[in-house]
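Student: Here's a structure for you.
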Amino acid sequence: MRKLKLFRTLAFRIILIYFATFALSAAAIVAFTYWNTVKALNAQTDLGASEEADSLSDAYYRLGLVGLIDQIIARYPLGSQGHLYLLAHSDLRRVVGNLDDWPQTEHLRGGIVEFNYEPRVHEIHRARGLIIPLMGDYELLVARDVFERDETERQVAANLPWSVLLMIVLGFAGGALISRQLTARLDAINRTSREIMAGDLSRRVRVGRTGDEFDSLSQNLNRMLDRTERLMRGMREVTDSVAHDLRTPLNRLRNRLESISTALDPDSAQATAIDAAIAETDRLIATFNALLLIAEAEAGVAREAMAPLDLRGVVEGVAELYAPLAEENNLLLDVVPSGEAVIFGNKSLVSQALANLIDNALKYTPAGGQIRVAAEETRGGVALCVADTGPGIPPQDRSRVMERFVRLEASRNSPGTGLGLSLVAAVARLHDATFSLADNKPGLKVVLLFPPLRSGG
Amino acid sequence: MRILVVEDDLEAQKYLVNGLKEAGHVVDDAAEGETGLALALSRPYDVAIIDRMLPKMDGLKLVEEIREHGNATPVLFLSALSEVDDRVKGLKAGGDDYLTKPYAFVELLARLDALMRRRQPSVLRTRLQVGDLELDLLSRGAQRNGTAIDLQPREFRLLEYLMRHANQVVTRTMLLESVWEYHFDPQTNVIDVHISRLRAKIDKGFGHPLLHTVRGAGYMIRAQA
Numbered sequence: 004m005r006k007l008k009l010f011r012t013l014a015f016r017i018i019l020i021y022f023a024t025f026a027l028s029a030a031a032i033v034a035f036t037y038w039n040t041v042k043a044l045n046a047q048t049d050l051g052a053s054e055e056a057d058s059l060s061d062a063y064y065r066l067g068l069v070g071l072i073d074q075i076i077a078r079y080p081l082g083s084q085g086h087l088y089l090l091a092h093s094d095l096r097r098v099v100g101n102l103d104d105w106p107q108t109e110h111l112r113g114g115i116v117e118f119n120y121e122p123r124v125h126e127i128h129r130a131r132g133l134i135i136p137l138m139g140d141y142e143l144l145v146a147r148d149v150f151e152r153d154e155t156e157r158q159v160a161a162n163l164p165w166s167v168l169l170m171i172v173l174g175f176a177g178g179a180l181i182s183r184q185l186t187a188r189l190d191a192i193n194r195t196s197r198e199i200m201a202g203d204l205s206r207r208v209r210v211g212r213t214g215d216e217f218d219s220l221s222q223n224l225n226r227m228l229d230r231t232e233r234l235m236r237g238m239r240e241v242t243d244s245v246a247h248d249l250r251t252p253l254n255r256l257r258n259r260l261e262s263i264s265t266a267l268d269p270d271s272a273q274a275t276a277i278d279a280a281i282a283e284t285d286r287l288i289a290t291f292n293a294l295l296l297i298a299e300a301e302a303g304v305a306r307e308a309m310a311p312l313d314l315r316g317v318v319e320g321v322a323e324l325y326a327p328l329a330e331e332n333n334l335l336l337d338v339v340p341s342g343e344a345v346i347f348g349n350k351s352l353v354s355q356a357l358a359n360l361i362d363n364a365l366k367y368t369p370a371g372g373q374i375r376v377a378a379e380e381t382r383g384g385v386a387l388c389v390a391d392t393g394p395g396i397p398p399q400d401r402s403r404v405m406e407r408f409v410r411l412e413a414s415r416n417s418p419g420t421g422l423g424l425s426l427v428a429a430v431a432r433l434h435d436a437t438f439s440l441a442d443n444k445p446g447l448k449v450v451l452l453f454p455p456l457r458s459g460g
Numbered sequence: 009m010r011i012l013v014v015e016d017d018l019e020a021q022k023y024l025v026n027g028l029k030e031a032g033h034v035v036d037d038a039a040e041g042e043t044g045l046a047l048a049l050s051r052p053y054d055v056a057i058i059d060r061m062l063p064k065m066d067g068l069k070l071v072e073e074i075r076e077h078g079n080a081t082p083v084l085f086l087s088a089l090s091e092v093d094d095r096v097k098g099l100k101a102g103g104d105d106y107l108t109k110p111y112a113f114v115e116l117l118a119r120l121d122a123l124m125r126r127r128q129p130s131v132l133r134t135r136l137q138v139g140d141l142e143l144d145l146l147s148r149g150a151q152r153n154g155t156a157i158d159l160q161p162r163e164f165r166l167l168e169y170l171m172r173h174a175n176q177v178v179t180r181t182m183l184l185e186s187v188w189e190y191h192f193d194p195q196t197n198v199i200d201v202h203i204s205r206l207r208a209k210i211d212k213g214f215g216h217p218l219l220h221t222v223r224g225a226g227y228m229i230r231a232q233a
């Protein structure tokens, strides 16, 4: 039995799509949060720097240069917390501040700048600050060390691949777990439905107690099966009652004819007429039996009697039955030897179908011809093949002859019910086999292609 | 012979009973299952003919009941039902043979004959003999009047069946069912061709024929002409 492959399951594909969407949105949220955090941190830095710059410039205008320098020097200890100050001439020569040199910034005067500086030897930090020009040709830089901000940035960047990897692993594991659970339940349903298709209509899909989607699917399947079983039973009752209601009067008719016949002198004209009527009744019965058999095969009633069946035995048996008849008609009836050709089938019906095919071939193949019967396992299934060297059937008539009672012009007057090939077609449908008529060049080649027998049915 | 007929179609029953009486049998009849069961258990019969569908007690159930009482009377089912697996059900329930309606009366008689003979204590026979024709079941050889006859395996089984039922009418359907184990309509009279081949082997060149055609019925092997 074939199990569902993990990667080919719908559940796994859905989980993957869900997971990809989830990962993308998670990444977007992380990026947005990160970007906002950086922005907020910068704003905070800028606010602090600008407030301080304002207060320093205020001191300058109130107390003059000396006052400003005092204030700056008073703030030196804040340098350990990353507060940076530098007052310079307009040509950027240092006046006072806890920075040694005017930093290399992208623009020199006014506005917000970011730059690198060395708080200790061989250590470079990033700082962010504000430059404001002071009247009297001075430039004041107030900045904050943003090493921590950058550190956070670096850590986030370093952790990101690992987080993504973890997310992928968790996503796959979750996907596999969920799809395994779903698949197990679907497998159970599939297993049961295969058993039912193989003929055991009394089987039902197990329904769990949680009442989830699968339980309601199983319940619906079971309801459908109940209905199918009822229909099958109804069909069987119909065929049975049709059989009974037609056979009972036919039986009386035949009985009456027989009792008249036995009362008559066997050589009288009346006896001949009655015997002809009996023969006609028998033909009627044969036609009725053939129709009933077709109806039963089509209703799948005969599915119950199916079992593993080696077609070689069927071919040998039926060919042996017809061999003397072929010889009498001066025809060669050959069985092509082959290896094992096992199907799941109803022996009686398959034998009957083969008998019909051989009987047809015997009827239509002119003396001196050849009929070949073969059963062989091919790549497409198990083929049962009857080929003759008779006149064949023109391509345009091939599908028509499988219909009930259809007989081609050429054979209107030979004996037969016109149901032989319809029965073969019905037996083929019952076995999920394809039934095809082809050109044997010259002659007719009939092929029934049965599905191969799978282990466990 | 004493025969029980359980059949609810009264016209068919009348015909059956008359025919059997004419053939020299003693016949009891019932039109439904319960009376049929009471009769079957109250006196010994050589064979019972039981319709598959009966009022009060179904034919299958009736035969199951009879068998449960340890009664081994051979049972022939008559059925107007569709055939595909009904035969199997009938035989499983304890029936010995199965005939679908409508049937030919000669077919019914031949089958009854076969059923009643089967009942007689059969010693394990290794040789069958009809006139000067002998069949050795162990060596699977045949000879007539001292001349060995070469038979194909199927011809041997055909002759064996005919000889086991010597002096009895054997129908084509009985041969198809017993010798070939087929339960279908072969469309053509294939059996006739097999019989004529067998006849060519066992009768051709010998004084008087043993294998006879019974007109309108089937075949019979017998020593006297």
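Residue numbers (my numbering), protein chains in the order written: chain A, 4 to 460; chain B, 9 to 233.
Beta carbons are placed, not taken as given, at the ideal position from N, Cα and C, and that holds for glycine.
The model shown is predicted, which means the values in this text are computed figures rather than measured ones.
On the three-state DSSP scale, how would you describe A:G316?
Tutor: Helix.
Student: Between B:L184 and the rest of its own chain, which residues show a CB-CB distance below 7 Å, the 5 nearest in sequence each way excluded?
Tutor: Around B:L184: Y190, P194, I199.
Student: As an exercise, report each continuous alpha helix (DSSP H) stretch of at least 4 residues that is fully enclosed by the segment 128-177 of chain B, in chain order.
Tutor: Runs of the alpha helix (DSSP H) inside the segment 128-177 of chain B: 161-172.
Student: Taking only the alpha-carbon atoms, compute the straight-line gap between A:V389 and A:L204 and give it to the nearest angstrom.
Tutor: Taking the straight line joining both Cα atoms gives about 33 Å.
Student: Take every Cβ of the segment 64-76 of chain B, pair it with every Cβ of the segment 95-115 of chain B, and state whether three or more of those distances are shorter than 8 Å.
Tutor: Yes, the segment 64-76 of chain B is in contact with the segment 95-115 of chain B.
Student: Cα separation between B:D16 and B:K22?
Tutor: Straight-line Cα distance between these residues: approximately 10 Å.
Student: What is the DSSP secondary structure of A:I277, counted as helix, strand or coil?
Tutor: If DSSP states are grouped into helix, strand and coil, A:I277 belongs with the helices.
Student: If you draw a straight line from the C-alpha of A:L185 to the C-alpha of A:A14, how long is it?
Tutor: Cα-Cα distance, rounded: 7 Å.
Student: Give a yes or no on whether the C-beta atoms belonging to B:H216 and B:Y227 are separated by under 8 Å.
Tutor: Taking 8 Å as the Cβ cut-off, B:H216 and B:Y227 do not qualify as a contacting pair.
Student: Within 10 Å of its beta-carbon, does A:D464 have 16 or more other beta-carbons around it, so buried, or fewer, so exposed?
Tutor: In the structure as shown, chain A begins at 4 and stops at 460. Residue 464 of chain A is therefore absent and cannot be evaluated.
Student: Using a Cβ-Cβ distance cut-off of 8 Å, determine whether B:D105 contacts chain A.
Tutor: By this cut-off, B:D105 is not an interface position.
Student: State the DSSP-derived secondary structure class of A:R147, mapped to helix, strand or coil.
Tutor: Three-state DSSP puts A:R147 in a strand.
Student: Report back the beta-carbon spacing between A:L447 and A:G372 to the nearest angstrom; my notes put them in contact at under 8 Å.
Tutor: That belief does not hold up - the Cβ atoms of A:L447 and A:G372 are roughly 11 Å apart, past 8 Å.
Student: What residue from A:F175, A:A161, A:D153, A:A43 has the CA that sits closest to A:A26's CA?
Tutor: Cα-wise, what sits closest to A:A26 is A:F175.
Student: By a C-beta neighbour count over all protein chains shown, 10 Å radius and 16 as the cutoff for buried, is A:I171 buried or exposed?
Tutor: A:I171 comes out exposed.
Student: Start and end of the beta strand (DSSP E) containing B:T181?
Tutor: From DSSP, B:T181 is part of no beta strand (DSSP E) but of the alpha helix (DSSP H) over 180-187.
Student: Can you check whether the CB of B:E72 is closer than 8 Å to the CB of B:G41?
Tutor: Against a cut-off of 8 Å, the Cβ pair of B:E72 and B:G41 comes out as no contact.
Student: So, at 8 Å on beta carbons, what are the nonlocal neighbours of A:E232 in its own chain, with the 5 sequence-adjacent residues on each side left out?
Tutor: L204, S205.
Student: So, is A:F35 buried or exposed, given that buried needs 16 or more other C-beta atoms within 10 angstroms?
Tutor: Answer is exposed; the Cβ neighbour count stays below 16.
Student: What are the start and end residues of the alpha helix (DSSP H) that includes B:K22?
Tutor: First-last of the alpha helix (DSSP H) with B:K22: 18-30.
Student: Considering only residues of the same chain and omitting the five flanking positions on each side of A:A191, which have a CB-CB separation below 8 Å?
Tutor: V208, R209, listed in sequence order.
Student: Under three-state DSSP, which class holds A:N193?
Tutor: Reduced to three states, the DSSP call for A:N193 is helix.
Student: Under 6 Å Cβ to Cβ from A:Y367, same chain only, skipping five residues before and after it: list those, please.
Tutor: Taken in chain order, the residues that qualify are G393.
Student: Less than 8 Å between the beta carbons of A:T242 and A:E301, yes or no?
Tutor: Taking 8 Å as the Cβ cut-off, A:T242 and A:E301 do not qualify as a contacting pair.
Student: Under 7 Å, CB to CB, which of the residues in the segment 189-207 of chain B have a partner in chain A?
Tutor: Result list: Y190, H191, F192, D193, P194, Q195, T196, V198, V201, H202, R205.
Student: Among A:P454, A:L352, A:A279, which one has its Cα closest to the Cα of A:V318?
Tutor: When only C-alpha atoms are compared, the closest one is A:L352.
Student: Nearest CA to the CA of A:V41: which residue from A:L66, A:Y63, A:R131?
Tutor: The shortest C-alpha separation from A:V41 is found at A:R131.
Student: For A:Q107, count the other beta carbons within 10 Å of its own beta carbon; 16 or more makes it buried, fewer makes it exposed. Which is it?
Tutor: Burial call: exposed.
Student: Of all the CB atoms in chain A, is at least one closer than 8 Å to the CB of B:L89?
Tutor: Chain A, which has a Cβ nearer than 8 Å to the Cβ of B:L89, makes this yes.
Student: Please name the residue or residues paired with B:S87 in a DSSP beta bridge.
Tutor: DSSP, once it has assigned bridges, lists B:T108 as partnering B:S87.
Student: Run down chain A in chain order and give the residues with a C-beta less than 7 Å from the C-beta of B:Y23.
Tutor: Within 7 Å Cβ-Cβ: N258, S262.
Student: By the 10 Å Cβ neighbour count, where 16 or more other Cβ atoms means buried, how is B:Q232 classified, buried or exposed?
Tutor: It is exposed - the Cβ of B:Q232 has fewer than 16 other Cβ atoms within 10 Å.
Student: Measure the beta-carbon distance from A:N101 to A:L90 and round it to whole angstroms, keeping in mind my assumption that it falls under 8 Å.
Tutor: The pair is not a contact, with the Cβ atoms about 11 Å apart (cut-off 8 Å).
Student: Taking only beta-carbon atoms, is A:I346 less than 8 Å away from chain B?
Tutor: It does not: the Cβ of A:I346 has no partner Cβ on chain B nearer than 8 Å.
Student: Note the first and the last residue of the continuous beta strand (DSSP E) segment covering A:S439.
Tutor: Looking at the DSSP string, the run of the beta strand (DSSP E) that includes A:S439 is 437-442.
Student: Which residues bound the alpha helix (DSSP H) around A:M227?
Tutor: Start and end: 216-266.
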